[in-house]
Amino acid sequence: MMTMGKSYVYIGNRSSEKQPANDGMAICEYDTESGKLKHLNHVSKQLSIGAVYIDTKRKILYCTDERVDYPGLRAGGGGQVVAFSIHPENGALTEINRQPSYGAKPSFVVTDADSKFLLITNHGFRNTVTLTEQDAFGKITLKVLHDESSIVLYPLQEDGSIGEPCDVFRLTGEGPESFQLSAHAHSIQRSPLGEWYAVCDKGGDQMFMFRLDDDKKKIVPCKGSPFPCSPGSAPRYSAFHPTLPYLFVNKENKTILTAFRYDEEGKLEHVCTIDALPPYITPPQGFTQSDICVGKSGQYVYTLLRQVNVISVFEIDENTGKLTMIQAFEQVCDGPRGCAASPDGRFLIVAAHAGHAVVTYPIGEDGTLSPAVSSIVQPAPGTVNFFEI
Numbered sequence: 005m006m007t008m009g010k011s012y013v014y015i016g017n018r019s020s021e022k023q024p025a026n027d028g029m030a031i032c033e034y035d036t037e038s039g040k041l042k043h044l045n046h047v048s049k050q051l052s053i054g055a056v057y058i059d060t061k062r063k064i065l066y067c068t069d070e071r072v073d074y075p076g077l078r079a080g081g082g083g084q085v086v087a088f089s090i091h092p093e094n095g096a097l098t099e100i101n102r103q104p105s106y107g108a109k110p111s112f113v114v115t116d117a118d119s120k121f122l123l124i125t126n127h128g129f130r131n132t133v134t135l136t137e138q139d140a141f142g143k144i145t146l147k148v149l150h151d152e153s154s155i156v157l158y159p160l161q162e163d164g165s166i167g168e169p170c171d172v173f174r175l176t177g178e179g180p181e182s183f184q185l186s187a188h189a190h191s192i193q194r195s196p197l198g199e200w201y202a203v204c205d206k207g208g209d210q211m212f213m214f215r216l217d218d219d220k221k222k223i224v225p226c227k228g229s230p231f232p233c234s235p236g237s238a239p240r241y242s243a244f245h246p247t248l249p250y251l252f253v254n255k256e257n258k259t260i261l262t263a264f265r266y267d268e269e270g271k272l273e274h275v276c277t278i279d280a281l282p283p284y285i286t287p288p289q290g291f292t293q294s295d296i297c298v299g300k301s302g303q304y305v306y307t308l309l310r311q312v313n314v315i316s317v318f319e320i321d322e323n324t325g326k327l328t329m330i331q332a333f334e335q336v337c338d339g340p341r342g343c344a345a346s347p348d349g350r351f352l353i354v355a356a357h358a359g360h361a362v363v364t365y366p367i368g369e370d371g372t373l374s375p376a377v378s379s380i381v382q383p384a385p386g387t388v389n390f391f392e393i
């Protein structure tokens, strides 16, 4: 007999040079009353999981294996994208198949609304390649190449398996900072109001909006794309409002948060840009913002700030999309990297990558956060996703 009403949390552990995880995906049971997590199992420990998307209708989990060197190659070749089926009774994962990501450091994953296609972003690595070219007159010149940053489109089969890629959109651009020598697509999100996709390019300081041409199986830029962001800000993650045409974007390299409005063609219009920290908190050298999410009520935005270990909370003006800071919550575990609001909106679950913990914070009726009620140890958690049975 099927067990009803259970909730699970999937935690992706992300390896790095400083923090080799080797623990892949953690599966936890979630107590909806207390917000506590109970660790059940780890699967696919060889994966370095950078991003997760769950197709709740088909009970399929997709994740990126975020790496530079493809398994089996001596060097290079990029990462992978992997599909798992979710067991309908206990939340267990069974791998369906995997495909190359066709780029280094795959950074995000999402499906279209009908689960016909899968889209991923490839961030690209920081390495460069120096070549020489010689023209017909014997003149020798240098050519410097950077890793390609891209969006890759895959068809999905009836069983949720990932087909061979059918399109790739290559990003170009650069910014003024030393890490912005080329484009770096860091995330892709789908609008709940239609088939528009927002892509943050932290290397080129720009936002893209795309749509899909289903018949031609192509990725198509929307009118007005790309939308320029402030130089050196490095747009990292975005979050759509669940019912209104607003998009919220945080910046990895600056303590700012931007709100956009988008129209029926996917064109972005700037609403406001505000500070992500209050004046009394000074970010240290090397500060970065990380994840962002909109609460289930659609009234509040949460952005994570590493090095200062703060979660800033903003109220959304539903009429204009403007943001007002209502809290800078400082009782945060070290290195908050990923977050997700619980399905009932009562808790915010945060993956603290540097703190090796996944922590539960209560959300009040006014949207503000309270001290943690639960914490479990994980080697290098970077992403958190809910699934209800």
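Start counting at 1 in the sequence shown, then tack on 4, and there's your number in this note's numbering. Glycine included, each C-beta is placed from N, C-alpha and C at the ideal position.
| query | Among all the DSSP beta bridges, which residues are the ones paired with Lys222? | reply | Bridge partners of Lys222: Asp217.
| said: Do Ala280 and Ser316 count as a contact pair if the criterion is CB distance below 8 Å? | reply: Contact flag set, yes.
| task | Evaluate the contact criterion for the segment 88-103 versus the segment 73-80: three or more CB pairs, one atom per stretch, below 8 Å. | result | Taking a cut-off of 8 Å on C-beta distances, the segment 88-103 does not touch the segment 73-80, as fewer than three cross pairs fall below it.
| What do you get for Asp209, buried or exposed, if any count of 16 or more other CB atoms within 10 angstroms of its CB means buried? | Buried, since its Cβ has 16 or more Cβ neighbours within 10 Å.
| said: Give me, in chain order, the residues of the same chain whose beta-carbon lies closer than 6 Å to that of Phe291; leave out the 5 immediate sequence neighbours on both sides. | reply: Counting only Cβ-Cβ distances below 6 Å, and skipping sequence neighbours, we find Gln311.
| said: Judging by CA-CA distance, which residue of Leu248, Leu251, Lys255 is the nearest neighbour of Lys206? | reply: For the residues Leu248, Leu251, Lys255, the minimum Cα distance to Lys206 belongs to Lys255.
| Counting only runs that start and end within the segment 6-80, where is the alpha helix (DSSP H) found for 4 or more residues in a row? | The qualifying runs do not exist here; there are none.
| query | Hey, how far is the Cα of Thr7 from the Cα of His91? | reply | Residue placement at Thr7 cannot be trusted, given a pLDDT of 42 that sits under 50; what the coordinates show is reported in the next sentence. In a straight line, the C-alpha of Thr7 is about 11 Å away from that of His91.
| query | What residues are listed by DSSP as bridge partners for Phe112? | reply | Phe112 is bridged to Thr125.
| Secondary structure of Pro104, DSSP reduced to three states | In the structure shown, Pro104 falls within a strand segment according to DSSP collapsed to helix, strand and coil.
| request: Could you tell me how far apart the beta carbons of Ile223 and Leu122 are, in whole angstroms, since I believe they sit closer than 8 Å? | output: Going by Cβ atoms, the distance from Ile223 to Leu122 rounds to 12 Å, so no, they are not a contact pair.
| query | Excluding the five sequence neighbours on either side, which residues of its own chain have a C-beta within less than 8 Å of the C-beta of Lys61, listed in chain order? | reply | Around Lys61: Ser119.
| task | Could you check what DSSP says for Leu185 in three-state terms: helix, strand or coil? | result | Residue state, collapsed to three classes: coil.
| message | Taking 8 Å as the threshold (C-beta atoms), are Ser48 and Gly128 in contact? | response | Using a Cβ distance threshold of 8 Å, Gly128 and Ser48 do not count as a contacting pair.
| said: Just to confirm my understanding: we take Met5, look at its own chain, exclude 5 residues before and 5 after, and list those with CB closer than 6 Å. What are they? | reply: Any reading at Met5 must be qualified, since the residue scores a pLDDT of 35, below 50, and its modelled position is unreliable; the value itself is stated next. Taking C-beta separations shorter than 6 Å and ignoring five residues to either side along the sequence, Met5 has no partners in its chain.
| Roughly how many angstroms separate the alpha carbons of Gly80 and Ser242, rounded to a whole number? | A direct Cα-Cα distance of roughly 29 Å separates Gly80 from Ser242.
| Looking at C-alpha atoms only, which residue of Gln184, Cys170, Gly270 is the closest neighbour of Trp200? | Of Gln184, Cys170, Gly270, the smallest CA-CA separation from Trp200 is found for Gly270.
| said: Rounded to the nearest angstrom, what separates Ala345 and Thr364 at their Cα positions? | reply: About 10 Å.
| How is Asp370 classed by DSSP in three states: helix, strand or coil? | Asp370 falls in the coil class under three-state DSSP.
| said: Please return the same chain residues whose Cβ sits closer than 7 Å to the Cβ of Tyr57, not counting the five positions on each side in sequence. | reply: Take Tyr57, set aside five residues on each side of it, and the residues of its chain with a beta-carbon closer than 7 Å to its own are Tyr66, Val113, Val114, Thr115, in chain order.
| task | Starting from Asn389, follow its DSSP beta bridges and name the residues at the other end. | result | For Asn389, which the question treats as bridged, DSSP gives the partners Tyr14.
| query | Looking at the structure shown, is Asn323 part of a helix, part of a strand, or coil, going by DSSP? | reply | In the three-state reduction of the DSSP assignment, Asn323 falls in the coil class, being assigned neither a helical nor a strand state.
| task | Identify whether Gln161 lies in helix, strand or coil by the three-state DSSP scheme. | result | Looking at Gln161 - three-state DSSP - the assignment turns out to be coil, as it is neither helix nor strand.
| What does a CB cutoff of less than 7 Å around Thr328 pick up in its chain, not counting 5 residues either side in sequence? | Here Thr328 has Phe318, Glu319 as same chain residues with Cβ atoms under 7 Å from its own Cβ, once five neighbours each way along the sequence are excluded.
| query | In chain order, what residues of the same chain lie with their CB nearer than 6 Å to the CB of Lys40, ignoring the 5 residues before and after it? | reply | So the qualifying residues of the chain are Ser378.
| With respect to the beta strand (DSSP E) encompassing Tyr304, which residues constitute its N-terminal and C-terminal limits? | That run of the beta strand (DSSP E) goes 304-310.
| What does Glu137 pair with, by DSSP beta-bridge criteria? | Note: Glu137 sits in a beta bridge opposite Thr145.
| said: Once DSSP output is grouped into helix, strand and coil, what is the label at Gly290? | reply: Looking at Gly290 - three-state DSSP - the assignment turns out to be coil, as it is neither helix nor strand.
| message | Can you tell me whether Asp267 is helix, strand or coil according to DSSP? | response | Correct three-state label for Asp267: coil.
| If you draw a straight line from the C-alpha of Lys42 to the C-alpha of Thr36, how long is it? | Roughly 12 Å separates the two Cα atoms.
| request: For Leu146, count neighbouring Cβ atoms within 10 angstroms of its own Cβ and tell me buried if that reaches 16, exposed if not. | output: Under a 10 Å Cβ-count criterion, Leu146 is classified as exposed, with fewer than 16 other Cβ atoms of the shown protein chains found around its own Cβ.
| Asn254 (DSSP reduced to helix, strand or coil) | DSSP, read as helix, strand or coil, puts Asn254 in strand.
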